[in-house]
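Counting in numbering that gives the first Met the number 0, the sequence shown runs from 0 upward without gaps.
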Amino acid sequence: MFGGFDIFVIVLVLVVVVTIAMGVRTVPQGYAYTVERFGRYSRTLTPGLALIVPYIDQIGKKVNVMEQVLDIPSQEAFTRDNAAVTIDAVAFFQVLDAARASYEVADLNQALMVLTMTNIRTVVGSMDLDQLLSHRDEINERLLSVVDAAASPWGAKVTRVEIRDIIPPQDLAGAMARQMKAEREKRAAVLEAEGLRQAEILRAEGEKQAQILSAEGRREAAFRDAEARERLAEAEAKATGMVSDAITRGDLNAANFIVAEKYIDAIRSLATAPNQKVVIVPIEAAGLAGTLGGIAELTKSVFGGDGSAPALKATRSVPAVTKGAERS
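1. Can you tell me whether DSSP reads Arg183 as helix, strand or coil?
2. Would you kindly work out how many angstroms separate the C-alpha atoms of Ile9 and Gly3, rounded to a whole number?
3. For Val17, which of helix, strand or coil comes out of DSSP?
4. Just curious, the alpha helix (DSSP H) that Ile166 is in, first and last residue?
5. Exposed or buried, what is Leu11 when buried is set at 16 or more other beta-carbons lying within 10 Å of its beta-carbon?
6. Please confirm if the segment 113-130 is in contact with the segment 65-84, defined as three or more CB-CB distances below 8 angstroms between the two stretches.
7. Is it true that the segment 43-51 meets the segment 67-78, where meeting means three or more beta-carbon pairs spaced less than 8 angstroms apart?
8. Could you compute how far the alpha carbon of Leu143 sits from the alpha carbon of Leu13?
9. Rounding to the nearest angstrom, what Cα-Cα distance links Gly304 and Arg223 in this structure?
10. In three-state DSSP terms, what is Val189?
11. Is DSSP giving Ala284 helix, strand or coil here?
12. Check for me: the beta strand (DSSP E) holding Ala105 runs from which residue to which?
13. Which residues in the same chain as Leu95 place their Cβ atom closer than 6 angstroms to its Cβ, once the five residues preceding and following it in sequence are excluded?
14. Name the two residues that bound the continuous beta strand (DSSP E) containing Ile71.
15. Relative to the C-alpha of Val89, which residue among Arg163, Arg99, Arg135 and Met65 is closest?
16. Distance, Cα to Cα, Asn63 vs Arg99?
17. What are the boundary residues of the beta strand (DSSP E) that includes Asp56?
18. Considering only their Cβ atoms, is the gap separating Gln109 from Glu66 smaller than 7 angstroms?
19. Going by DSSP, what residues sit across from Leu50 in a beta bridge?
20. Have a look at the DSSP bridge pairing and note the partners of Thr85.
21. What separation, rounded to the nearest whole angstrom, lies between the Cα atoms of Ala259 and Glu229?
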């Protein structure tokens, strides 16, 4: 059996072991423990192994210092133009000072949630419905600045406040849907009209270019016609000059050539006239033979031929009948 001294030693050992166990604390990563001495805040324990005074110090609050998500419940709020909307959000915060988060506010999460809901109603009430639906970034920035400033005395840092959903009333939603449909139909009509206008412009440009090209073609054709007439006139002038020189030298065959050429051209014009069916022209055979002879003599004189033109004699006049071709 154990004696009284043995029991004392055993009890003393147990007390020492318990005392040491009470003085040693392990703080996990992402948490901070507050230490209270006789019920009053003393210090904060950071992650890792820490020592406290047994029976005097005790762990007060175990505070999560990681970034946390706070779900803001949906609520109904009125815009500046008296439109009722249902809005909900989500907030992200992180505790920077465990002591202030533990002893400056009773329930940090509840305080942040109520603060965010109140400021959401304030921001929504200062904006119109259209502005509220189209400026979420502005709403988030305004909420973040206000809520973060209010949470700073509590040792918390609000990192983000995000509007999750904005639900307008059913009647306003239907009106907005009709408005959106009308706006899209208007845009479609404008785009269609713009397309037709562009097509007309392109068509007019094409016609303009075609007319320009046609005018340039006519101008080129007229230029070439004028050039051809100019060359023809030069040739005729040269031929006339040669005939004139021949007449000046006393060669009457040149005059006979001109008269014969005009005579044949006149007969051709009468024969090919569209309003004539039959043409009767009296021609003196001897005169015509003399004319042809003159042409031959003129040709020999111009080109330097040595042969003599055959003599043609006529004893009587013979009427010549030329029938024109039937034209449809």
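Cβ coordinates follow ideal geometry from the N, Cα and C atoms, glycine included. Remember, predicted model here, so these are calculated numbers, not experimental data.
Concretely, from the data shown:
1. helix
2. 10 angstroms
3. helix
4. Segment Ala155 to Ile166 is the beta strand (DSSP E) holding Ile166; no alpha helix (DSSP H) there.
5. By the 10 Å Cβ count, Leu11 comes out exposed.
6. yes
7. no
8. 54 angstroms
9. Confidence at Gly304 is low in this model, with a pLDDT of 47, below 50, so the placement of that residue should be treated as unreliable; the coordinate-derived value is given next. Cα to Cα, Gly304 sits roughly 37 angstroms from Arg223.
10. helix
11. Confidence at Ala284 is low in this model, with a pLDDT of 44, below 50, so the placement of that residue should be treated as unreliable; the coordinate-derived value is given next. Here Ala284 sits in helix by DSSP.
12. Per DSSP, Ala105 belongs to no beta strand (DSSP E) and is neither H nor E.
13. Gly154 and Lys156
14. Gln67 to Phe77
15. Arg163
16. 13 angstroms
17. Asp56 to Asn63
18. no
19. Val23
20. Its beta-bridge partners are Glu75 and Ile166.
21. 25 angstroms
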